[in-house]
Amino acid sequence: MRMVLCLLVLVLGTPLVSDSRGQSAQERSRPVNPVVSGRWSLIADFYGTSVNFSLKLNQDGDKLTGIFRGSPLEGSLQGNAISFVVNGEQGDTVECRGAIRDNTISGTLLFANTNDPGPATTVPFSATLVPQRNPVIPQKHEFVPTAFYRDFSAARKPALTVSPGDTIHTTTIDAGGTDENGVVRVLGGNPETGPFYVETAEPGDTLVVHLTRLRLNRSWAISDDLVVSRGLDNNLAVKMKDVGKPVRWHLDAQRGVATLEKPGEHLARYSVPLRPMLGCVAVAPPNPVAAPATGDSGVWGGNMDFNEIIEGATVFLPINVPGALLYIGDGHAAQGDGELNGNALETSMDVEFTVEVISEKHLMGPRVESATEIMAMGLGGSLDDAFRTATASMAQWLNEDYKLTPSEVAEVLGTSAEYKVSEVADRNAGIVLKINKIRLQALAPGVK
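So for the sequence shown, the numbering used here puts the first residue at 437; every next one is plus one.
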């Protein structure tokens with residue numbers, strides 16, 4: 437028997453040694469690729485400025501595919517070493533070189549553009565795996581604000597951390613910084629309540645804000661008697677040269693109307709229906725953007741002054757930083773289209789809202805939905821720019837959610853679009869494109 441074993445050794449070479457699972461020493465010595473499939477929260481350091489990016493990786497053995505900031509990637513995983521390349525549609529490329537240790541990827545990103553003769557940019561980065569969104573019992577939070585902010589900052593410490601599905605009940609102060617008791621709490625300029633950090637919300641997601649309660653909490657409001665410059669021609673500007681005084685309104689919640697406290701002789705019986713709305717709903721803008729003042733607006737929302745952001749409406753905003761960082765404020769008791777006086781009927785507000793997160797859904801800009809309409813908002817330096825942006829945003833909505841082709845989008849827009857001037861008082865003008873849901877009932881919507 438010993439001779440047979442020796443002959444086998446001579447013929448076959450050194451015998452393989454197996455562990456209890458039947459795995460050879462040679463197999464155990466091979467590097468084992470870690471699991472990297474999933475969504476990652478990536479932060480790159482651009483010369484001291486942190487910039488967030490969305491990253492999704494799909495692993496098939498040592499092959500990687502996925503999405504980086506909206507563009508497809510291809511790469512490989514060799515042991516702990518990870519690499520991928522992103523080729524954008526405009527000639528921009530990104531090359532990643534890094535390693536994964538303890539569920540963290542770190543390394544460098546090289547940004548270049550084939551159409552740009554300038555040097556490429558190489559920056560360090562770190563990425564952590566986004567945890568799975570586990571079902572939780574929705575909570576209701578009673579939040580009493582003690583500080584109010586005059587910019588939409590991505591760097592501010594959250595005032596409250598909530599989860600998707602949670603409801604927040606809180607208050608806002610008016611645009612001049614005065615609360616429901618008439619106490620000045622902060623310098624004016626649309627001071628905001630928040631920011632609220634929404635767990636698991638990541639860049640590339642969409643924040644959904646359901647406004648479930650929007651009620652007045654005091655009996656007066658402040659406005660002005662001017663007309664903003666966008667609404668003036670030369671003749672009207674001359675006639676309006678002596679206006680610009682503050683105007684105080686009485687808010688009668690029982691009757692549902694607002695009246696001037698000191699009306700002129702022709703407005704003694706003038707009244708307007710109360711229709712409480714929020715002028716500001718915003719998430720933090722992308723990190724490299726200097727924190728805009730709360731009188732400003734952009735793709736992240738902000739001081740949109742759209743008079744259909746009322747109780748029962750739902751606001752959709754593209755998320756730019758982890759946690760979204762939601763700000764709300766600038767309550768109006770009533771407002772005509774565009775906030776033509778520069779100030780609407782500015783007042784404090786009792787607010788309740790519920791937050792949701794739609795994963796991996798990127799919007800061009802803010803959207804609003806009511807029981808009867810879908811509304812895409814365009815914000816731009818001119819009404820023309822805002823008109824184009826609103827049209828493109830609605831086209832994206834119809835294409836992605838209703839699966840319409842460009843030709844079909846054009847046919848629906850040409851027969852169903854309604855445009856509304858939402859904002860003319862601030863740096864950006866606003867146009868909203870509305871479509872009645874009745875017009876969409878015959879379409880076959882995709883998953884929303």
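We treat Cβ as the ideally placed atom computed from N, Cα and C, and that holds for glycine.
{"Query": "For Pro699, which option in Ala878, Ala583 and Val683 has the closest C-alpha, if you only look at C-alpha atoms?", "Result": "Val683"}
{"Query": "In whole angstroms, what is the alpha-carbon distance linking Leu761 and Leu545?", "Result": "26 Å"}
{"Query": "Relative to the C-alpha of Val804, which residue among Ala517, Tyr585, Val645 and Val622 is closest?", "Result": "Val645"}
{"Query": "Using the Cα positions of Gly801 and Val471, report the straight-line distance between them to the nearest angstrom.", "Result": "34 Å"}
{"Query": "Taking the CB atoms as reference points, tell me whether Gly793 and Val751 lie closer together than 8 Å.", "Result": "What sits at residue 793 in the sequence shown is Val, not Gly. No, they are not a contact pair."}
{"Query": "Starting from Ile874, trace the alpha helix (DSSP H) both ways and give me its first and last residue.", "Result": "Lys873 to Leu876"}
{"Query": "Let me know if His768 comes out buried or exposed under the rule of 16 or more other beta-carbons within 10 Å of its beta-carbon.", "Result": "buried"}
{"Query": "Which partner residues of Tyr763 appear in the DSSP bridge assignment?", "Result": "Ala718"}
{"Query": "Answer yes or no: do Met785 and Ile746 have a C-beta to C-beta separation smaller than 8 Å?", "Result": "no"}
{"Query": "Measure the beta-carbon distance from Thr636 to Glu788 and round it to whole angstroms, keeping in mind my assumption that it falls under 8 Å.", "Result": "Actually they are not in contact, since the Cβ atoms of Thr636 and Glu788 sit about 22 Å apart, beyond 8 Å."}
{"Query": "Lys576 to His605, Cα distance in whole Å?", "Result": "8 Å"}
{"Query": "For the beta strand (DSSP E) that contains Asp820, what are its first and last residues?", "Result": "Segment Leu819 to Tyr838 is the alpha helix (DSSP H) holding Asp820; no beta strand (DSSP E) there."}
{"Query": "Spell out a yes or no on whether the region 653 to 669 and the region 773 to 784 are touching, meaning 3 or more CB-CB pairs, one atom from each, closer than 8 Å.", "Result": "yes"}
{"Query": "What residue from Gly515, Gly524 and Asn549 has the CA that sits closest to Ala535's CA?", "Result": "Gly515"}
{"Query": "So within the region 635 to 711, which uninterrupted alpha helix (DSSP H) runs reach at least 4 residues, ignoring any that extend past its ends?", "Result": "670 to 675"}
{"Query": "Could you give the residue range of the beta strand (DSSP E) that holds Gly850?", "Result": "Per DSSP, Gly850 belongs to no beta strand (DSSP E); it is in the alpha helix (DSSP H), Pro842 to Ser852."}
{"Query": "Threshold first: 3 residues or longer. Then list the beta strand (DSSP E) segments lying entirely within the region 543 to 571, N to C.", "Result": "557 to 565"}
{"Query": "With a threshold of 16 other CB atoms inside 10 Å of the CB of Gly626, please say whether the residue is buried or exposed.", "Result": "The residue you asked about is not Gly; residue 626 is Asn in the sequence shown. Buried, since its Cβ has 16 or more Cβ neighbours within 10 Å."}
{"Query": "Identify whether Asn617 lies in helix, strand or coil by the three-state DSSP scheme.", "Result": "coil"}
{"Query": "Which word fits Ile609, buried or exposed, when buried means at least 16 other C-beta atoms lie within 10 angstroms of its C-beta?", "Result": "buried"}
{"Query": "Where in the region 731 to 776 do unbroken runs of the beta strand (DSSP E), each at least 3 residues long, occur, reported from the N-terminal end onward?", "Result": "737 to 739, 750 to 754 and 762 to 768"}
{"Query": "Quick check: the Cα distance between Val857 and Ile867, rounded to an integer number of angstroms?", "Result": "5 Å"}
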